[in-house]
Each structure stands twice: as structure tokens, then as C-alpha cells.
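Under our numbering, the letters of the sequence shown match residues 23 to 313, in that order.
Ideal Cβ placement from N, Cα and C applies to all residues, glycine included.
Note that this is a predicted model, so its numbers are computed, not measured.
So the structure is just underneath, and the comments pick up after that.
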Amino acid sequence: MLRSVVVRAPATSANLGPGFDCLGLALDLWNEVEAIPGRLSADDETNLILRSARAVHEMAGSAYPGYQLRCTNRVIFNRGLGSSAAAIASGVLFANHFLGNPLDEAALLRVATMLEGHPDNVVPALLGGVRVATCADDGRVLQTRVPLAIQLSAVCFVPEMGIPTAHARGLLPVSVSMADAVFNVARSSLLVAALASGQADLLAEATRDRLHQPFRLPLFPAGATLLEGAMHAGAVGAFVSGAGPTLLALCASGTQADAVAATFEATARHLEVPGTILRLALTEQGAQVVV
Numbered sequence: 023m024l025r026s027v028v029v030r031a032p033a034t035s036a037n038l039g040p041g042f043d044c045l046g047l048a049l050d051l052w053n054e055v056e057a058i059p060g061r062l063s064a065d066d067e068t069n070l071i072l073r074s075a076r077a078v079h080e081m082a083g084s085a086y087p088g089y090q091l092r093c094t095n096r097v098i099f100n101r102g103l104g105s106s107a108a109a110i111a112s113g114v115l116f117a118n119h120f121l122g123n124p125l126d127e128a129a130l131l132r133v134a135t136m137l138e139g140h141p142d143n144v145v146p147a148l149l150g151g152v153r154v155a156t157c158a159d160d161g162r163v164l165q166t167r168v169p170l171a172i173q174l175s176a177v178c179f180v181p182e183m184g185i186p187t188a189h190a191r192g193l194l195p196v197s198v199s200m201a202d203a204v205f206n207v208a209r210s211s212l213l214v215a216a217l218a219s220g221q222a223d224l225l226a227e228a229t230r231d232r233l234h235q236p237f238r239l240p241l242f243p244a245g246a247t248l249l250e251g252a253m254h255a256g257a258v259g260a261f262v263s264g265a266g267p268t269l270l271a272l273c274a275s276g277t278q279a280d281a282v283a284a285t286f287e288a289t290a291r292h293l294e295v296p297g298t299i300l301r302l303a304l305t306e307q308g309a310q311v312v313v
């Protein structure tokens, strides 16, 4: 067995406004994990990276050896930037690599989605790009890449406060109106088509949502004002990233990104909201073995 391996996995943003649990994209911000096999740990049942590695061994029918980890975490926890998806992607990738890659892409996506509970973050974390993903009745992960006909970057406002995904998900209603369902289906479809055709002028409307953001934004009271400011500053679309509280503004030029970042900074200062501004490229690369 190999002595050690280093993998890296990207941050991701899920939902993109209306695409609840089915749309996501990869961002050029990376966690790195060095895994050294042969050491069982008390963390094996609680550490998400190790649980993911164990799941691969179980699916492959191989004894789990335990792993020692050395992690460089750049994706902040509980902020809606896919930290759990990065952990899962790292664990399934290095375990599969140590075993000689017995699981194909479809199997890795399946085990990763089982661990995460939904595919919108783990699919772009493993494969990169902008992805549409869902699960078939038999558990298969159905996914496709959305080709981008326009060059976009992301400007993120990351509050100091964190919100656990389980808590943010628990705020959602158990049922929604037909009108709200149709609203989101229409805008999810419009969003994918606009990205693929390069129609940036459609993104402001296409990133609107009625299914989750109205229930999650109250957890971060300054969020609505910050999103509105980003749009006024020239962002082509803006939304809550994943379960929040991070806000993500899509920009079609460096000039737009400069203006949005400056507006985020000024608005947060005025509202006395502490946070960090990240300017990130979208990436077509997913998790990968680097050493």
C-alpha cells in the first residue's frame, strides 16, 4: 500500500438561487488533505473525511486500515461554501486511490451523495464546473455539466457568524405552494439556459428564489441589504450560497467584481457586520490527487 497521498478538493456553492438541492458550482478555493494509512483513531466515527474513506472501503469490500490526516482547511466551516462536500470528496478520493481505484465515477458520486444527503455540493466538489444533479429512484446520481458561454467570477461576503446546515435546513417548510414551485422551476431552467447561452442579462431574474432564501435570510438580517447592494453595484446575479450565511454575487467582468467587493465592504461597515470578502474564480476542476 502507498505510504501517503495528498488530495485537494474545492469549495462549492449550492442552489445558485432557485436550484434547491440540484444546482451547484465549484470555486477556486481548495482544502488539502494528506492521508497516511494504517492508523485507527477515535475520530474514525466522527471525522467526516474518515467516515467517507471508510465508506469507500466498505463499498469496495476491503478492510478499513484507518488513516492519519494532515489537513489544510481554507474552506470555512458552516458558512455555505461546501466544507462538508470538500471533506467527503477528499475522503472518498484518497481511499479509492489507495485501493487502486476500484470504484468508478458513478460509484464515487453515489457514496458521496449518500454521505452528504444531496448531490448539489458533492458533484461539483468531485467533478468541478457548474453542475445539475439529482438522484434516480434506484440511488444513481444523475448529473451533467452546464457549459458556460460567459466568463463569470464570484465575489463572496462571508460573515463571521456560522450557521450549521442542519439548522438552516430545519427552517424550511414541509410544503410549498404550486405558485412558488412553478416560480423556482421556471427560474432554475432559465438559469441553466442563460449560463449555457451567455445571456448575462437574464441572470438577475434567473437567480431569484422562493423556496429557501426567504426562510434562511432572517438568520442573517443584513443579508438582504447586502444582496441588494451587490445587484445595484453591477452583479449579474446574487444569492445565498448553499444554506448560508455566505452571500455570493456573480460578476461578468473585473470592473463589476471591484464594484461589488467595494459595496460589500462599505455596506458591511455601515451595518457593523463583521465578515470577509473573497474574490474567487469558478473552476472546472474537481477534487484530485496531487501527490
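Query	Result
At least three beta-carbon pairs within less than 8 Å, the segment 158–166 to the segment 178–186	no
Option in 25, 202, 123 and 267 with minimal Cα separation from residue 90	25
Inter-stretch contact at 8 Å, needing at least 3 Cβ pairs: the segment 87–106 / the segment 53–73	yes
7 Å Cβ cutoff met for residue 124 and residue 48	no
Own chain partners of residue 99 with C-beta closer than 8 Å, once the 5 adjacent residues on each side are dropped	105 and 184
Residue 311 versus residue 252 - alpha carbon distance	36 Å
Contact set for residue 27: own chain, Cβ-Cβ below 8 Å, skip 5 residues either direction	56, 57, 116, 119, 120, 311 and 313
Stretch pair the segment 136–151 + the segment 232–244: three plus CB contacts closer than 8 Å	no
N-terminal and C-terminal residue of the alpha helix (DSSP H) that residue 71 is part of	70–82
Cα-Cα separation, residue 303 to residue 67	34 Å
Min CB distance residue 193 to chain E below 7 Å	The displayed structure is made up of one protein chain only, and chain E is not part of it.
Stretch pair the segment 170–177 + the segment 214–231: three plus CB contacts closer than 8 Å	yes
Residue range of the alpha helix (DSSP H) that includes residue 296	Element bounds for residue 296: n/a, residue is neither H nor E.
Cβ pair count under 8 Å reaching 3, the segment 39–46 against the segment 70–88	no
Opening and closing residue of the beta strand (DSSP E) in which residue 35 lies	27–36
Cα-Cα separation between residue 205 and residue 128, rounded to whole angstroms	31 Å
Residues near residue 278 in its chain [Cβ-Cβ closer than 8 Å; skip 5 each side]	255, 256, 257 and 258
Cβ-based burial, residue 297 [other Cβ within 10 Å; buried from 16]	buried
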